[in-house]
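Residue numbers (full-length UniProt numbering): 1 to 313. In this text, a Cβ means the ideal position worked out from N, Cα and C, and glycines have one as well. All values reported here derive from a predicted model rather than from experimental measurement. Heads up, the thing below is written out as structure tokens.
Listed below in structure tokens is the structure:
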């Protein structure tokens, strides 16, 4: 497979996952603010910090309110990670790899892109946001399902897999970091009632709530929720599962040694969370370190397969 085709498949999967995750994040945050007691004040601006968009946001907007944050995350074409920008990149990458992906992909991505752009005001306005974002999520899942059901398990599939799970585990760490940050900012007397709402919403943001209840068989709390989303080997959005999928896909390709070792180290370094008190600044620092390691892993994948020179073998 040509390196440029491999790279476009990898980024198709990353951007498609980013579209879905952004829609999930905004939708669940909307629900979180609605369900919290009125005397607990949480800002929409936390979502900008989760996505490392502070500098760009503050260049574009003076007011850190709900409308500007949602517009920046969903619709702003100067934000390369906005939902519409990411969707545009999925479409462009699919267009240039149409000979190696299922034929229906091009039709479906065009339908989703057209719907997203024509109805973006529904996403920005609170009253129609939930239905709009659900349609986006369903459209992404339809595309992922098409790939899973019809794509040969060849090199192209391996690059799609690495891109999807690298993006997924990155967003997982950001969501957990944001939740822990909210808990650390809360007053001690607020933490119990705040914790149950926040951790339930975190699980729901990953479609993990029912799987958690079946697996853990206990009331939702921070320690159990984080342990599930970090360590569960079977849930497809947990950190362990995502990293294992990246490792498995990489090992099916040539020259995978460095990437496999990097992923193995991330798996080995996973901390044990026994009590909610363990979700402290040190754990937040661990999540930040994971994000840096994922950036390095992305760089290694790029150097190893997309910019590979024969003389480097």
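On the three-state DSSP scale, how would you describe residue 53? Taking the first residue of the chain shown as 1, we reach residue 53 at position 53. Looking at residue 53 - three-state DSSP - the assignment turns out to be coil, as it is neither helix nor strand.
Around the C-beta of residue 126, are 16 or more other C-beta atoms found within 10 angstroms, so that it is buried, or is it exposed? One-based indexing of the chain shown puts residue 126 at position 126. Exposed, because fewer than 16 other Cβ atoms sit within 10 Å of the Cβ of residue 126.
Check each candidate in 21, 45, 62 and 201 and name the one with the smallest Cα separation from residue 136. As a working mapping, residue 136 is identified with position 136 in the chain shown. Closest option to residue 136, Cα to Cα, is 21.
Taking only the alpha-carbon atoms, compute the straight-line gap between residue 28 and residue 115 and give it to the nearest angstrom. Here residue 28 refers to the residue found at position 28 when the chain shown is read from its first residue. Here residue 115 refers to the residue found at position 115 when the chain shown is read from its first residue. Going from the Cα of residue 28 to the Cα of residue 115 covers about 21 Å.
Grab me the residues of residue 338's own chain with a C-beta within less than 8 Å of its C-beta, minus the 5 sequence neighbours each way, in chain order. Given that the chain is displayed from residue 1 to residue 313, the structure contains no residue 338 and the question cannot be resolved.
I believe residue 238 touches residue 230 by the beta-carbon criterion, under 8 Å. Please report the beta-carbon distance rounded to the nearest angstrom. Within the chain shown, residue 238 is the residue found at index 238, counting from 1. Within the chain shown, residue 230 is the residue found at index 230, counting from 1. Rounded, the Cβ-Cβ distance is 7 Å, consistent with contact.
Should the stretch 251-265 be regarded as contacting the stretch 207-214, the criterion being three or more beta carbon pairs within less than 8 Å? no
Supposed close pair residue 220, residue 185 - CB separation, criterion 8 Å: Locating residue 220 in the chain shown gives position 220, counting from the first residue. Locating residue 185 in the chain shown gives position 185, counting from the first residue. Not quite, the Cβ-Cβ distance comes to about 20 Å (not below 8 Å), so this is no contact.
Relative to the C-alpha of residue 139, which candidate in 201, 18 and 163 has its C-alpha closest? Reading the chain shown from its first residue, position 139 is the one you call residue 139. For residue 139, the nearest C-alpha among the options comes from 18.
Any alpha helix (DSSP H) of 4 or more consecutive residues that is wholly inside the stretch 225-277: 239-251 and 257-268
Residue 44 and residue 66 closer than 8 Å at C-beta: Mapped onto the chain shown, residue 44 falls at position 44. Mapped onto the chain shown, residue 66 falls at position 66. In this structure, residue 66 lies closer than 8 Å to residue 44 by Cβ.
Between 274, 256, 8 and 281, which lies nearest to residue 97 when the distance is taken from Cα to Cα? By 1-based counting over the chain shown, the position of residue 97 is 97. Selected option, being the one with the closest Cα: 8.
Three-way DSSP call (helix, strand, coil) for residue 310 in this model: Mapped onto the chain shown, residue 310 falls at position 310. Annotation note: pLDDT 47 at residue 310 (below 50); position unreliable, coordinate value reported separately. Reduced to three states, the DSSP call for residue 310 is helix.
Compare the C-alpha of residue 134 against each of 146, 147 and 120 and name the closest. In the chain shown, residue 134 corresponds to position 134, counting from 1. Closest by alpha carbon: 120.
Would you decide whether residue 210 is buried or exposed? Buried here means 16 or more other CB atoms lie within 10 Å of its CB. Position 210 of the chain shown, counting from 1, holds the residue named residue 210. Looking at its Cβ environment, which holds fewer than 16 other Cβ atoms inside 10 Å, residue 210 is exposed.
Would you mind sorting residue 193 into buried or exposed? The rule is 16 or more other CB atoms within 10 Å of its CB. Residue numbering aside, residue 193 sits at position 193 when the chain shown is read from its first letter. Classification of residue 193: exposed, given that the 10 Å Cβ count is below 16.
Determine contact between the stretch 164-174 and the stretch 290-303, defined as no fewer than three beta-carbon pairs at a distance below 8 Å. yes
Cα separation between residue 271 and residue 160? Here residue 271 refers to the residue found at position 271 when the chain shown is read from its first residue. Here residue 160 refers to the residue found at position 160 when the chain shown is read from its first residue. Going from the Cα of residue 271 to the Cα of residue 160 covers about 28 Å.
According to the neighbour-count rule (16 or more other Cβ atoms, all chains shown, within 10 Å of its Cβ), is residue 312 buried or exposed? By 1-based counting over the chain shown, the position of residue 312 is 312. Note on residue 312: pLDDT 44, under 50, position unreliable in the model; no value is reported.
On the premise that residue 225 lies in contact with residue 202, defined as a C-beta separation below 8 Å, what is that separation, rounded to the nearest angstrom? Within the chain shown, the letter at position 202 stands for residue 202. Within the chain shown, the letter at position 225 stands for residue 225. Going by Cβ atoms, the distance from residue 202 to residue 225 rounds to 6 Å, so yes, they are a contact pair.
In or out: residue 251 buried (at least 16 other Cβ within 10 Å) or exposed? Within the chain shown, the letter at position 251 stands for residue 251. With fewer than 16 Cβ atoms within 10 Å of its Cβ, residue 251 is classed as exposed.
Taking residue 80 as the reference, which of 300, 53 and 99 has the closest Cα? Counting from 1 along the chain shown, the entry for residue 80 is found at position 80. Nearest option by C-alpha distance: 53.
My assumption, with CB atoms under 8 Å, is that residue 108 sits in contact with residue 16. Please give the rounded CB distance. The residue given as residue 108 occupies position 108 in the chain shown. The residue given as residue 16 occupies position 16 in the chain shown. Contact doesn't hold; Cβ gap of about 11 Å is too wide.
Count the other CB atoms, across all protein chains shown, that sit within 10 Å of the CB of residue 165; report buried if there are 16 or more and exposed otherwise. Counted from its first residue, the chain shown places residue 165 at position 165. The residue in question, residue 165, is buried, as its Cβ has 16 or more Cβ neighbours within 10 Å.
Relative to the alpha-carbon of residue 253, which residue among 191, 154, 63 and 205 has its alpha-carbon at the smallest distance? The residue given as residue 253 occupies position 253 in the chain shown. The candidate whose alpha carbon is nearest that of residue 253 is 154.
Among 62, 99 and 130, which has the Cα closest to the Cα of residue 32? Numbered from 1 along the chain shown, position 32 holds the residue referred to as residue 32. Among 62, 99 and 130, the Cα nearest to that of residue 32 is on 130.
Run through DSSP, which three-state label would residue 63 get? Counted from its first residue, the chain shown places residue 63 at position 63. DSSP places residue 63 in coil when its eight states are reduced to three.
8 Å CB neighbourhood of residue 91 in its chain, flanking five on each side removed: The sequence position of residue 91 within the chain shown is 91, counting from 1. Answer for residue 91: 109, 110 and 113, listed in chain order.
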